[in-house]
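Peer 1: Sequential numbering of the sequence shown, starting at 4, is according to the numbering used here.
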Amino acid sequence: MCMADPGETREKIMQVARSHFARKGFHGTSMDSIVKGTSLSKGALYWHFRSKGELFAAVLKKEVESIIQDHVEAPSEAGKDVNAFVTLRGERIIDMFWGDPEMRLLFFTLFIERLRGGEEGRELSDIAGDLLASIREKLWPVAREAISAFRDSETRDLYDKVLMILRFLMHGIIMEMGFRLDLDSAKECWRFAMSHFDFKSEG
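(1) Run the CB neighbour count on Leu45, radius 10 Å, all protein chains shown included, and call it buried at 16 or more, exposed below.
(2) So what does DSSP say about Leu166, is it helix, strand or coil?
(3) Excluding the five sequence neighbours on either side, which residues of its own chain have a C-beta within less than 6 Å of the C-beta of Thr41, listed in chain order?
(4) Across which residues does DSSP place Met180 in a beta bridge pair?
(5) Is Ile96 near Met173, with beta carbons less than 8 Å apart?
(6) Smallest Cα separation from Gln72: which of Asp160, Asp8, Phe171, Leu142?
(7) Any idea if Leu118 is buried or exposed, counting beta-carbon neighbours within 10 angstroms, 16 or more meaning buried?
(8) Taking only the alpha-carbon atoms, compute the straight-line gap between Ser36 and Gly28 and give it to the nearest angstrom.
(9) Should Ile130 go down as buried or exposed, given a rule of 16 or more other Cβ atoms within 10 Å for buried?
(10) Is Asp160 helix, strand or coil when you go by DSSP?
(11) Would you identify the three-state DSSP class for Thr12, choosing helix, strand or coil?
(12) Give me, in chain order, the residues of the same chain whose beta-carbon lies closer than 8 Å to that of Glu126; leave out the 5 immediate sequence neighbours on both sides.
(13) What ranges does the alpha helix (DSSP H) occupy inside the stretch 107 to 152, keeping only unbroken runs of at least 4 residues that lie completely in it?
(14) Is the CB-CB distance between His51 and Arg13 below 8 Å?
(15) Exposed or buried, what is Ile177 when buried is set at 16 or more other beta-carbons lying within 10 Å of its beta-carbon?
(16) Identify whether His51 lies in helix, strand or coil by the three-state DSSP scheme.
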């Protein structure tokens, strides 16, 4: 009898969990429902993930990694027009979220559960903090190479603040997509916001 590949089993668990967390939320999803959806034993599930929080963190981490892989390109590709580069990357992220409602729902779930507070809320806040720290670290070399204002080693604080503002803008747009914003309106909002930034690359 062939043994199931651990990597394939883990991937199967995460695919089912992604859909459950997106559609039912963190509190509405149980490990038992994941067991049923994967047709695995409870022991097999807990061998890969010790808790629901750990599973949710793994699902979110994979989502963030897919965004970074697909939309954060080599520094040289920013060229001289950094504003155009940042604007285009933002539009591509908007396309990604618009085309994947479950991805939007996952991040809504994270936001809502963090607001609930309590032990699970704190756990999810820690998860979000770790993911954001990972994004900042991966983007920092790109930003330093592309934008002359970040070349000074003492400008890391400025970089963190700029990235935070961009993140808030993107979060606001994503939260409104499907409600007050359609795809074209979402991109228009992003372009308008970026037109008021002045990212200066080295001439």
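Built from N, CA and C at the ideal position, the CB exists for glycine as well.
Just so we're clear, the structure is a prediction, and the values are computed from it rather than from any experiment.
Peer 2: Judging by the given coordinates:
(1) According to the sequence shown, residue 45 is Lys rather than Leu. Residue environment analysis places Lys45 among the exposed positions, since fewer than 16 neighbouring C-beta atoms fall within 10 angstroms of its C-beta.
(2) For Leu166, the three-state secondary structure derived from DSSP is helix.
(3) Lys15, Ile16, Val19
(4) Per DSSP, Leu184.
(5) yes
(6) Leu142
(7) Exposed: under 16 other Cβ atoms inside 10 Å.
(8) 12 Å
(9) Note on Ile130: 16 or more other CB atoms within 10 angstroms of its CB, so buried under the neighbour-count rule.
(10) helix
(11) Here Thr12 carries a helix assignment [DSSP, helix/strand/coil].
(12) Counting only residues of its own chain and dropping the five nearest sequence neighbours on each side, Glu126 has a CB closer than 8 Å to the CB of Gly56.
(13) 121 to 149
(14) yes
(15) buried
(16) If DSSP states are grouped into helix, strand and coil, His51 belongs with the helices.
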